[in-house]
Each structure stands twice: as structure tokens, then as C-alpha cells.
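One structure is given here, and the rest of the page talks about it.
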Amino acid sequence: MYNILLVDDEPLICKGLAGFLQESGLDLGLVHTAYSGQEALDCIRMEEIDLLVTDIQMGEMNGIELMQQAKLIKPWVQTIIISAHETFQYAQMALRLGAKDYLIKPLNSGQFLDAVRNALLKMDKPDPLIYNFLAPEAEHFQMEELEPEQCEGLKRLLAAPVPAAAGIAGDQAVVQQGELGLRGPYFAVMKMKLDLPVKDHDAYTARDHQLLEYAALNVAKELLYQEWNALSCFTAEREICLVLQWNEREYAELDVNKINQLEMIGRSLHHHVHKYLGVAAMVGVSQILKGAEFLSVLGQQADKAIQWGAGHGDYHVFYYGDFNWHNYAQDPSAEELTTQSNRIVESARLYIEANYHQKGLTIHEVAKKNHVSPNYLSYLFKKNTGHNLWEYVIKLRMEESKSLLLNTDLRRYEIAERVGYESPEHFSKIFKKYYGVSPSELKK
Numbered sequence: 165m166y167n168i169l170l171v172d173d174e175p176l177i178c179k180g181l182a183g184f185l186q187e188s189g190l191d192l193g194l195v196h197t198a199y200s201g202q203e204a205l206d207c208i209r210m211e212e213i214d215l216l217v218t219d220i221q222m223g224e225m226n227g228i229e230l231m232q233q234a235k236l237i238k239p240w241v242q243t244i245i246i247s248a249h250e251t252f253q254y255a256q257m258a259l260r261l262g263a264k265d266y267l268i269k270p271l272n273s274g275q276f277l278d279a280v281r282n283a284l285l286k287m288d289k290p291d292p293l294i295y296n297f298l299a300p301e302a303e304h305f306q307m308e309e310l311e312p313e314q315c316e317g318l319k320r321l322l323a324a325p326v327p328a329a330a331g332i333a334g335d336q337a338v339v340q341q342g343e344l345g346l347r348g349p350y351f352a353v354m355k356m357k358l359d360l361p362v363k364d365h366d367a368y369t370a371r372d373h374q375l376l377e378y379a380a381l382n383v384a385k386e387l388l389y390q391e392w393n394a395l396s397c398f399t400a401e402r403e404i405c406l407v408l409q410w411n412e413r414e415y416a417e418l419d420v421n422k423i424n425q426l427e428m429i430g431r432s433l434h435h436h437v438h439k440y441l442g443v444a445a446m447v448g449v450s451q452i453l454k455g456a457e458f459l460s461v462l463g464q465q466a467d468k469a470i471q472w473g474a475g476h477g478d479y480h481v482f483y484y485g486d487f488n489w490h491n492y493a494q495d496p497s498a499e500e501l502t503t504q505s506n507r508i509v510e511s512a513r514l515y516i517e518a519n520y521h522q523k524g525l526t527i528h529e530v531a532k533k534n535h536v537s538p539n540y541l542s543y544l545f546k547k548n549t550g551h552n553l554w555e556y557v558i559k560l561r562m563e564e565s566k567s568l569l570l571n572t573d574l575r576r577y578e579i580a581e582r583v584g585y586e587s588p589e590h591f592s593k594i595f596k597k598y599y600g601v602s603p604s605e606l607k608k
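Residue numbering for the sequence shown follows this note's numbering, starting at 165 and increasing by one per position.
Below, the structure is given as C-alpha cells:
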């Protein structure tokens with residue numbers, strides 16, 4: 165059974181769609197509703213959500229931003245976008261971020277039900293191309309990288325000890341890059357290191373390793389190639405290397421946080437490889453730079469990110485920019501890494517305690533103040549304090565609201581306002597989930 169979250173700033177639309185789904189005969193569990201992006205994020209953090217259906221125009225946080233934030237929290241959440249306008253830019257962005265459908269209001273009931281049914285049917289089924297690597301007959305599958313000359317050329321550029329075009333005439337460099345499929349001009353590199361079983365143990369052979377490597381590469385291709393302009397190859401160390409690229413128009417259209425997008429891709433890669441292949445992976449993510457001549461630099465950044473992540477067994481996606489490498493003349497020690505992590509967590513804790521009452525407070529905002537990515541901050545915060553970061557925000561809000569309920573005559577909507585909630589209904593929902601009683605019941 166699947167749980168669905170419906171999000172629209174018009175409550176009647178939410179309630180109507182919820183009633184329609186509950187009477188549809190689909191194998192559904194709970195159908196949740198939310199009337200703003202922030203309320204929806206609270207629901208995604210606190211409930212098990214499989215499918216998000218969201219309007220695109222919703223005040224402070226639009227549906228595209230909500231979709232991206234939801235994918236950062238739980239990469240497996242699927243999304244259907246609803247819009248009152250057939251805007252190409254929004255549709256393109258939604259599909260690039262992995263939306264399963266883009267529906268135009270007024271909704272046709274049959275079309276809406278078909279979109280939901282199709283999204284649910286595909287959730288637990290690996291792509292047929294992925295399955296081909298896992299099926300018994302895969303023993304006879306010819307494992308070859310497509311266009312090997314292209315792959316070798318790409319590997320040479322990535323492994324170059326100096327910027328890739330150094331020593332090559334400008335026109336010649338452009339031709340070479342064009343032949344390899346490098347259009348850019350903006351690039352990022354992502355490397356995925358598989359945690360493969362030890363050969364000759366647990367009946368795993370070299371052939372099994374190859375199958376898993378190619379299956380993981382295939383997972384990456386299926387995830388990226390439809391929505392993102394990406395090239396792939398194996399490195400000399402048999403890591404999977406992905407080169408993502410954007411032209412000027414595509415880069416300008418990425419109006420949501422670009423680093424969040426890279427992290428979302430990395431988390432989705434790890435999730436799907438682990439889900440379908442049973443193999444853990446570590447993903448290193450570079451910054452975004454302009455110019456194919458910097459591919460070797462980006463490749464080194466991805467390597468550094470993986471190196472940094474080697475000591476974290478319970479976290480899998482590492483972004484180069486999360487650590488201030490330029491502050492160290494050589495690779496930092498474990499003690500220096502710990503010191504920086506503690507400093508980040510303490511700074512985040514102080515910021516939350518000073519701003520938890522702020523409406524629309526997001527993990528992204530806290531992370532930005534600390535110059536790290538949201539998910540890495542969440543990981544560090546939980547590791548160092550034992551508290552999930554957003555649960556800590558809710559804890560402070562609930563403790564303050566309980567004190568106000570018991571010690572003042574403030575009304576429910578006034579308390580909701582003081583502790584940072586957009587609506588008294590949303591505040592009451594969170595309060596009852598936290599304390600087990602509603603605000604009015606506690607007051608009595």
C-alpha cells in the first residue's frame with residue numbers, strides 16, 4: 165500500500181482530490197494533504213510518503229522547489245506536478261528533476277487517476293535495462309562500454325595532471341571536446357565507488373564483480389540520460405565517472421539551488437544502486453565550473469570528496485565544497501575533520517535557537533549560513549547531537565508553544581504565529597503528533 169501527499173494552497177482542491185483517490189479502488193494507505201510547501205516538507209519528514217502530488221504555484225515555495233527539497237530528504241519519493249499554466253520552462257524543469265507527469269488544470273479525473281496509477285506501478289519495478297544485467301541469462305551478455313574511443317578520450321581528459329586543454333591549440337581543443345560529446349560550457353563531475361563483495365568469498369567471482377559494475381553503470385545511465393545531459397565511463401580504478409553538462413540556456417534556467425540538484429542526483433544514484441543491486445556506494449560530487457579544460461580539476465575534486473567520505477560508514481554522498489580544503493596545506497587529519505564538524509554543528513545549533521520562531525525557516529537556509537549542503541549538515545547534526553536537525557527545530561517550537569499555552573492567555577493562532585507556523589491548523593497537527601493531545605486538550 166502506498167501513501168500519497170497532496171499539496172495545493174487551495175484546501176478545496178486538496179480535499180476533493182483526496183476524496184477522489186480514496187474512492188478510486190487503488191491500493192492506497194494514507195492520503196495526506198498540505199496547503200503550503202513548508203507544511204508539505206514537515207509531512208515528508210515525519211510521515212512515510214511514496215508519491216507527492218503538488219501544485220506548482222504556491223506562494224513562498226513553488227512546486228519545483230518542494231519537489232527538489234522532498235528528493236533531498238527522501239530520494240525515493242516520486243512526484244506528479246500540477247499547474248494552471250502550460251509553461252514550457254516549468255514542465256522542462258519538472259521532468260528534468262524526475263517528475264513522473266506534468267498535468268494542466270482543470271484536471272481531467274481520468275487523466276489524473278491514470279497518472280497516479282502509472283507512477284505507483286513503476287515504483288518497485290527495476291527498469292528492464294537494469295534487469296537485463298541481473299537476470300540468469302546475463303552470463304551471456306556482452307559487456308562493452310559504448311563508443312570505447314569516446315570513453316578513452318574522456319578518461320584521458322579527466323586524468324590529465326594539468327587543465328585538460330593545456331598545450332593544445334584552441335581550435336584543436338574545441339574539436340577534440342566536440343568529438344567526445346563535451347558541449348558545456350558548464351560541467352560537474354560525479355564519481356561513484358562501489359562497495360563490492362570480496363572476490364572468492366560468498367561465492368562472488370571476478371565475473372560477478374563485472375556484472376555488478378556494469379549494472380551500476382546502467383542504473384546511472386537510466387537515471388540521468390533522459391533528464392540530464394551526461395557522459396559516463398569507468399575510471400582506471402573501476403569507479404563510475406559521470407560528467408554532467410549544461411549549456412548557457414540550461415544553466416540560466418536552473419533557478420533552484422544547483423548544488424542541491426547535484427546532491428539530489430548523488431543520493432538518487434546511491435539509493436537506486438543499493439535498492440536494485442544490494443550494493444552500497446560512495447558518491448563524490450565536484451563543484452560546477454565553466455570550461456571543459458577544467459575537467460581534470462573537477463575529477464580531482466570528486467576524488468577528494470570520496471577520500472573525505474572514507475571515514476563515514478553511514479553517509480554516502482559527499483560534496484567537495486562542504487569542506488574548506490583551501491585552509492589546509494596538506495590533507496587534513498581525522499582530528500582536524502572532527503574539529504571542523506563540531507564547529508559547523510555548534511554554529512547551526514546557535515542559529516536554530518535564535519531563529520526557530522521564524523516563518524519559513526528551512527534546512528537550506530541553516531546550511532547556507534554554514535556554507536555546507538543541507539543533507540550533510542543534517543547528517544553531522546544527528547551524528548554529533550543525537551537529534552535530527554528538523555526534529556530539533558520542532559522540539560524548540562513545541563516546548564515554547566507548550567509554555568505559552570500553559571502560562572499565557574494567547575489564542576492558538578497567536579501561538580502558532582509566535583513559534584513560526586503559517587497556519588494554526590498546521591501548528592495543531594504538529595502539536596498533537598508531538599504531545600499526543602491537541603493544544604486545546606492540553607490547555608484544559
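The beta carbon of each residue, even a glycine, is placed where N, CA and C say it ideally should be.
Item to complete: Please check if any C-beta of chain C sits within less than 8 angstroms of the C-beta of Leu525.
Response: This model lacks chain C altogether; it includes just one protein chain.
Worksheet item: Since Asp219 is in the beta strand (DSSP E), which residue starts that stretch and which ends it?
Response: As a position in the sequence shown, residue 219 is number 55, starting the count at 1. Start and end: 215 to 219.
Worksheet entry | Cα-Cα separation between Arg561 and Gly600, rounded to whole angstroms | Numbered from 1 along the sequence shown, position 397 holds the residue referred to as residue 561. Numbered from 1 along the sequence shown, position 436 holds the residue referred to as residue 600. Looking at the two C-alpha atoms, the distance is approximately 15 angstroms.
Discussion item. I'd like to know whether the C-beta atoms of Leu181 and Leu192 end up nearer to each other than 8 angstroms.
Written reply: If you number the sequence shown from 1, residue 181 lands on position 17. If you number the sequence shown from 1, residue 192 lands on position 28. Contact flag unset, no.
Discussion item. Can you tell me where the alpha helix (DSSP H) holding Ile452 begins and where it ends?
Written reply: Walking along the sequence shown from the start, residue 452 turns up at place 288. Element bounds for Ile452: n/a, residue is neither H nor E.
Worksheet item: Is the distance from the Cβ of Leu185 to the Cβ of Ile168 below 8 angstroms?
Response: Here residue 185 refers to the residue found at position 21 when the sequence shown is read from its first residue. Here residue 168 refers to the residue found at position 4 when the sequence shown is read from its first residue. In contact: Leu185 and Ile168 (Cβ atoms closer than 8 angstroms).
Fill in: Whole beta strand (DSSP E) elements within the stretch 399 to 477, 3-residue minimum
Whole beta strand (DSSP E) segments, 3+ residues: 404 to 410, 444 to 449.
Item to complete: In angstroms with no decimal places, state the Cα-to-Cα distance between Val437 and Gly584.
Response: Taking the sequence shown and counting its residues from 1, one reaches residue 437 at position 273. Taking the sequence shown and counting its residues from 1, one reaches residue 584 at position 420. The straight-line gap from Cα to Cα measures roughly 38 angstroms.
Discussion item. According to DSSP, simplified to helix, strand and coil, what is Ala118?
Written reply: Residue 118 lies beyond the stretch modelled for the chain, which goes from 165 to 608, so this question has no answer here.
Item to complete: Go through its chain and collect everything with a Cβ distance to Ala394's Cβ below 6 angstroms, but skip five positions before and after it.
Response: Against the sequence shown, residue 394 aligns to sequence position 230. The answer, listed in chain order, is Leu388, Leu406, Leu408.
Discussion item. So, for Ala324: in the same chain, excluding its five sequence neighbours on each side, which residues have a beta-carbon less than 7 angstroms away from its beta-carbon?
Written reply: Taking the first residue of the sequence shown as position 1, residue 324 is located at position 160. Contacts found: Ser460.
Discussion item. Assuming the contact rule is C-beta atoms closer than 8 angstroms, Lys357 and Ile470 should be a hit. Round their C-beta distance to whole Å, please.
Written reply: Locating residue 357 in the sequence shown gives position 193, counting from the first residue. Locating residue 470 in the sequence shown gives position 306, counting from the first residue. So it is a contact: roughly 6 angstroms between Cβ atoms.
Discussion item. Which residue marks the beginning of the beta strand (DSSP E) containing Met356, and which one marks its end?
Written reply: Counted from its first residue, the sequence shown places residue 356 at position 192. Note, Met356: beta strand (DSSP E), 350 to 359.
Worksheet item: For Thr666, which residues does DSSP report across the bridge?
Response: No statement about residue 666 is possible, as the shown extent of the chain runs from 165 to 608 and does not include it.
Worksheet item: Among all the DSSP beta bridges, which residues are the ones paired with Tyr483?
Response: As a first step, residue 483 is located in the sequence shown; it is residue number 319 there, counting from the start. For Tyr483, which the question treats as bridged, DSSP gives the partners Val449.
Fill in: Cutoff 6 angstroms; reference Ser604; Cβ partners in own chain excluding five residues on either side
The sequence position of residue 604 within the sequence shown is 440, counting from 1. The answer is none, since no qualifying residue turns up.
Practice prompt. Can you give me the start and stop residues for the beta strand (DSSP E) that Asp265 sits inside?
Written response: Indexing the sequence shown from 1 puts residue 265 at position 101. Here the beta strand (DSSP E) through Asp265 covers 265 to 268.
Worksheet item: Does the Cβ of Gly262 have 16 or more other Cβ atoms within 10 Å, making it buried, or fewer, making it exposed?
Response: To locate residue 262, count along the sequence shown from 1; it is residue 98. Buried: at least 16 other Cβ atoms inside 10 Å.
Discussion item. Taking the beta strand (DSSP E) that Tyr166 belongs to, which residues open and close that run?
Written reply: Reading the sequence shown from its first residue, position 2 is the one you call residue 166. Unbroken beta strand (DSSP E) run through Tyr166: 166 to 171.
Fill in: Ala498 versus Val557 - alpha carbon distance
As a position in the sequence shown, residue 498 is number 334, starting the count at 1. As a position in the sequence shown, residue 557 is number 393, starting the count at 1. Looking at the backbone, the Cα of Ala498 and that of Val557 are separated by about 29 angstroms.
Worksheet item: Considering only residues of the same chain and omitting the five flanking positions on each side of Lys523, which have a CB-CB separation below 7 angstroms?
Response: Your numbering for residue 523 matches position 359 in the sequence shown. So the qualifying residues of the chain are Gly584, Glu586.
Practice prompt. Consult DSSP for Ser542 and reduce its assignment to one of helix, strand or coil.
Written response: Locating residue 542 in the sequence shown gives position 378, where the first residue counts as 1. Note: Ser542 maps to helix in three-state DSSP.
Worksheet item: Looking at Tyr479 and Val449, is the spacing between their C-beta atoms short of 8 angstroms?
Response: Along the sequence shown, one-based indexing puts residue 449 at 285. Along the sequence shown, one-based indexing puts residue 479 at 315. No. Outside cutoff.
Worksheet item: Ala445 and Asp359 look like a contact to me (Cβ under 8 angstroms); what is the Cβ gap, rounded to whole Å?
Response: Taking the first residue of the sequence shown as position 1, residue 445 is located at position 281. Taking the first residue of the sequence shown as position 1, residue 359 is located at position 195. Between Asp359 and Ala445 the Cβ distance is about 6 angstroms, and since that is below 8 angstroms, they are a contact.
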